[in-house]
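**Student:** Sharing a structure, written as structure tokens. Questions coming.
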Amino acid sequence: MENFQFIVELLTAGKRPATTEEVQVYERSLEKVGNTSVVMVKKDIEKYLVAAGSGDLLKALQGDSVGEGKVCPLTHENAQVLNQFFTYTKPQAFGTEVATMGLGDRLGVASPGHIETVQGHQVKPILAQQSIRELTLLHRTMADILDAATFAVFQEGYKNGYGADADHIKKEEDITYALELGFSFLTLDCSEQIRNDVEDMVLEDIHKEFANLPVDRKEYFTSHYLNKSFAVQGIDISFDEDRLYKNMLVYGAAIDFMEHVFHQYIATADQTIDFEISIDETETVTSPEAHFFVAEELRRRGVTVQSLAPRFCGEFQKGIDYIGDLEQFEKELQEHAAIAKHFGYKLSIHSGSDKFSAFPIIGKYTEGLLHIKTAGTNWLEAVRVIAQLNPELYRRMHRYAEDHFEETLQYYHVTPDLSSIADLDSTSDQDLSAYMDHDAARQLFHVTYGILLTAKDHSGEDLFREEFFTTLMRNEDAYRQGLVRHIGRHLDLLNI
């Protein structure tokens, strides 16, 4: 603890601590509450809070005593102390009047770069955003990602507000846990209630199945929709029997689930929650009429949402640009944006990383008021740093990812042509980072993140994780600037 004694002495004397040869000080984090001063520091690759003085804040922080202060590890308990004394470190909801961007810090170290990226843009960052699938693959918890965001916000002295998204939640026990932790955003994944089989049914079978529904349920839908036309921002949407019956069979159970979750959890929560509906994780493309049908049912049932994510035409595969007919996408995107505007919520774009050809279209029709989710692209920028600064580690990770790629297809839909990836043995060290500009290589790494970061050797030691994070933490600025450049391009093309 000798390295921290000097910092404690400066804080006790009311002086601003500066970086030494041994310890880096994050000056923007320096705060004072009563007679306690606290600052974030880093020694080698480990970060700590150093506090000095006297008072409730110093008493609340857990750590090792050093003179008149403490050196405190970045634990869940200390994150909660920061939340208590510095309210800007707690996530908040933003509603429908400002654009939001889900940034999905898979690694727990990307948020400082994300914070710098959004400065100067009319967008609020959702710094904590992970699905249960991603948490499981990385052996992380909801508390882990919330704590990482808290510490990053404190480190950067960022006081403009951020959100935390319990992403793609399917189970009610996970909803309860997320709300208890203090998540400000909840994305309800309705993929298990949406019927993909209806798309392949013949009309005769669709009509038969609808006819077998309870009388009151049939009456509920037919009285409001059948042979009715709805004007939506200059678009006419109508439902004959075929369209109504099909949409009801596809989305009926999902809408019931949305209604239940809203009234059971969201409306009764003791904090404001941004509630998002996800109907995109399915094989069924969301037509504009289907989007309207879901939204109108939510309105009828008193369900308020801040954003909704349709399944767009074409493909939003992970880590690469949009695949599909851009003219058709523009036509349908315009209608989806109009429907969202009609109902007063934001259109949400999932798997939004790197969809550069689609971004100008999205920005145009949403008028910059949207929610967009990114996540894996931040991991890919970390891999780029590894390729540039630790080529030997990159080569080992690349080979392992190729050997284990097939295992990831149970979790992700990607279609890379792995044969198009340049031969690793023939690629020089200085050219390794170019793999992160190649679609197939990007997707190879995008979906193998969990396998790579949890891989063990025969003795149970990490194959890559420790060296990966050591390299990254010793080159924080390189990673930060990579994120600023890459995520910044997203924001520029979206015209936010």
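Every position in the sequence shown, counted from 1, becomes a number in this note's numbering once 6 is added.
Note that the Cβ used here is the ideal one computed from N, Cα and C, for glycine as well.
Owing to the predicted nature of the structure, the values given are computational and were not obtained by experimental measurement.
With DSSP run on the structure shown, which of helix, strand or coil describes S284?
**Tutor:** Along the sequence shown, one-based indexing puts residue 284 at 278. S284: strand per DSSP, three-state reduction.
**Student:** If you compare alpha carbons, which of N41, F268, F263 is closest to G59?
**Tutor:** In the sequence shown, the residue the question calls residue 59 occupies position 53. Of the listed residues, the one whose Cα sits closest to G59 is N41.
**Student:** According to the Cβ coordinates, are I13 and V45 closer than 9 Å?
**Tutor:** Within the sequence shown, the letter at position 7 stands for residue 13. Within the sequence shown, the letter at position 39 stands for residue 45. Contact: yes.
**Student:** Below 8 Å on the Cβ atoms is my guess for I502 versus A105; work out the distance and round it to an integer in Å.
**Tutor:** For the purposes of this step, residue 502 is taken as the residue at position 496 of the sequence shown. For the purposes of this step, residue 105 is taken as the residue at position 99 of the sequence shown. Their Cβ separation, rounded to whole angstroms, is 5 Å, which keeps I502 and A105 in contact under 8 Å.
**Student:** Taking only runs of the beta strand (DSSP E) that begin and end inside the segment 202 to 246, which ones reach a length of at least 3 residues, in chain order?
**Tutor:** Runs found: 234 to 238, 241 to 245.
**Student:** For the putative contact between T292 and P316, defined by C-beta atoms under 8 Å, what is the C-beta separation to the nearest angstrom?
**Tutor:** Counting from 1 along the sequence shown, the entry for residue 292 is found at position 286. Counting from 1 along the sequence shown, the entry for residue 316 is found at position 310. Right, the Cβ-Cβ distance comes to about 4 Å (below 8 Å), so this counts as a contact.
**Student:** Reducing DSSP to helix, strand and coil, say where N396 ends up.
**Tutor:** As a first step, residue 396 must be located in the sequence shown, where it is residue number 390. In this structure, N396 counts as coil in the three-state DSSP scheme.
**Student:** Applying the criterion that 16 or more other CB atoms from any shown protein chain within 10 Å of the CB defines a buried residue, is Y417 buried or exposed?
**Tutor:** Here the question's residue 417 lines up with position 411 in the sequence shown. By the 10 Å Cβ count, Y417 comes out exposed.
**Student:** Do V204 and L255 have their beta-carbon atoms positioned less than 9 Å apart in this structure?
**Tutor:** Within the sequence shown, the letter at position 249 stands for residue 255. Within the sequence shown, the letter at position 198 stands for residue 204. Yes, the pair counts as a contact, with Cβ atoms nearer than the cut-off.
**Student:** Among D463, L64, D327, A447, which residue has its Cα nearest to the Cα of S357?
**Tutor:** The residue given as residue 357 occupies position 351 in the sequence shown. Of D463, L64, D327, A447, the residue nearest in Cα terms is D327.
**Student:** Tell me, please, whether the segment 150 to 169 touches the segment 112 to 126 by the rule of three or more beta-carbon pairs shorter than 8 Å.
**Tutor:** Counting Cβ pairs under 8 Å, three or more are found: they touch.
**Student:** Could you check where the alpha helix (DSSP H) with N84 kicks off and where it finishes?
**Tutor:** Position 78 of the sequence shown, counted from the first residue, corresponds to residue 84. Taken as a continuous stretch (DSSP letters only), the alpha helix (DSSP H) holding N84 covers 82 to 91.
**Student:** What residues in its chain sit with their C-beta under 7 Å from that of S426, if we drop five residues either side in the sequence?
**Tutor:** Here the question's residue 426 lines up with position 420 in the sequence shown. Within the same chain, S426 has close Cβ partners A446.
**Student:** Does DSSP put R432 in a helix, a strand or coil?
**Tutor:** Locating residue 432 in the sequence shown gives position 426, where the first residue counts as 1. With the sequence shown as reference, residue 432 is identified as Ser, and Arg is not the correct amino acid for it. Note: S432 maps to coil in three-state DSSP.
**Student:** For F191 and S229, what's the separation of their Cα atoms in angstroms?
**Tutor:** Along the sequence shown, one-based indexing puts residue 191 at 185. Along the sequence shown, one-based indexing puts residue 229 at 223. Their Cα atoms are separated by approximately 34 Å.
**Student:** What is the DSSP secondary structure of G358, counted as helix, strand or coil?
**Tutor:** Position 352 of the sequence shown, counted from the first residue, corresponds to residue 358. Coil at G358, not helix or strand.
**Student:** State the DSSP-derived secondary structure class of G488, mapped to helix, strand or coil.
**Tutor:** Numbered from its first residue, the sequence shown carries residue 488 at position 482. Three-state DSSP puts G488 in a helix.
**Student:** Between the Cα of H82 and the Cα atoms of G101, H120, R146, E74, which residue gives the shortest distance?
**Tutor:** As a first step, residue 82 is located in the sequence shown; it is residue number 76 there, counting from the start. Among G101, H120, R146, E74, the Cα nearest to that of H82 belongs to R146.
**Student:** So the alpha helix (DSSP H) S35 belongs to, where does it begin and stop?
**Tutor:** Locating residue 35 in the sequence shown gives position 29, counting from the first residue. Run containing S35: none in the alpha helix (DSSP H); it sits in the beta strand (DSSP E), 29 to 39.
**Student:** Tell me the residue span of the alpha helix (DSSP H) that contains S117.
**Tutor:** Along the sequence shown, one-based indexing puts residue 117 at 111. Unbroken alpha helix (DSSP H) run through S117: 117 to 124.
**Student:** Once the 5 residues before and after F216 are set aside, which same chain residues still bring their CB inside 6 Å of it?
**Tutor:** Your numbering for residue 216 matches position 210 in the sequence shown. Cβ within range, chain order: Y251.
**Student:** Kindly list the residues whose CB is nearer than 7 Å to the CB of L489, restricted to its own chain and excluding five residues on each side of it in sequence; keep chain order.
**Tutor:** Position 483 of the sequence shown holds residue 489. Result list for L489: A116, G119, H120, T123, N384, E387, in chain order.
**Student:** Is the segment 160 to 167 close to the segment 178 to 195, with three or more CB pairs under 8 Å?
**Tutor:** The segment 160 to 167, when compared against the segment 178 to 195, does not touch it at the 8 Å Cβ threshold.
**Student:** Using a Cβ-Cβ cutoff of less than 6 Å, which residues in the same chain neighbour F227 once the five nearest sequence positions on both sides are dropped?
**Tutor:** Along the sequence shown, read from residue 1 onward, the residue named residue 227 stands at position 221. Excluding positions up to five away in sequence, the list reads M254.
**Student:** Per DSSP, what kind of secondary structure is Q161 in: helix, strand or coil?
**Tutor:** Locating residue 161 in the sequence shown gives position 155, where the first residue counts as 1. Here Q161 sits in helix by DSSP.
**Student:** Assuming I329 and E321 make a contact with CB atoms under 8 Å, what is their CB distance in whole Å?
**Tutor:** Within the sequence shown, residue 329 is the residue found at index 323, counting from 1. Within the sequence shown, residue 321 is the residue found at index 315, counting from 1. So it is a contact: roughly 4 Å between Cβ atoms.
**Student:** Looking only at DSSP bridge pairs, what is P79 linked to?
**Tutor:** Translated into the one-based positions of the sequence shown, residue 79 becomes position 73. For P79, which the question treats as bridged, DSSP gives the partners Y54.
**Student:** Output the distance between the C-alpha atoms of L497 and A364, rounded to the nearest integer angstrom.
**Tutor:** Here residue 497 refers to the residue found at position 491 of the sequence shown. Here residue 364 refers to the residue found at position 358 of the sequence shown. If I take the Cα positions, the gap works out to 12 Å.
**Student:** Nearest CA to the CA of R448: which residue from S465, T421, Y231?
**Tutor:** Counted from its first residue, the sequence shown places residue 448 at position 442. Looking at the Cα atoms, T421 is the closest of the given residues.
**Student:** Since I believe H377 is in contact with K352 (beta carbons under 8 Å), could you give me their beta-carbon distance rounded to a whole number of angstroms?
**Tutor:** Here the question's residue 352 lines up with position 346 in the sequence shown. Here the question's residue 377 lines up with position 371 in the sequence shown. Right, the Cβ-Cβ distance comes to about 5 Å (below 8 Å), so this counts as a contact.
**Student:** Is I181 near V267, with beta carbons less than 9 Å apart?
**Tutor:** Counting from one through the sequence shown, the residue named residue 181 turns up at place 175. Counting from one through the sequence shown, the residue named residue 267 turns up at place 261. Cβ atoms of I181 and V267: closer than 9 Å.
**Student:** What residue range is occupied by the uninterrupted beta strand (DSSP E) comprising Q136?
**Tutor:** As a working note, residue 136 is residue 130 in the sequence shown. Looking at the DSSP string, the run of the beta strand (DSSP E) that includes Q136 is 129 to 137.
**Student:** How many Å lie between A134 and E225 at the Cα?
**Tutor:** Taking the first residue of the sequence shown as position 1, residue 134 is located at position 128. Taking the first residue of the sequence shown as position 1, residue 225 is located at position 219. Answer to the nearest angstrom: the Cα atoms are 43 Å apart.
**Student:** For N218 and L88, what's the separation of their Cα atoms in angstroms?
**Tutor:** Working through the sequence shown from its first residue, we reach residue 218 at position 212. Working through the sequence shown from its first residue, we reach residue 88 at position 82. Looking at the two C-alpha atoms, the distance is approximately 57 Å.
**Student:** Count Cβ pairs between the segment 298 to 305 and the segment 231 to 242 that sit closer than 8 Å; are there 3 or more?
**Tutor:** Yes, the segment 298 to 305 touches the segment 231 to 242.
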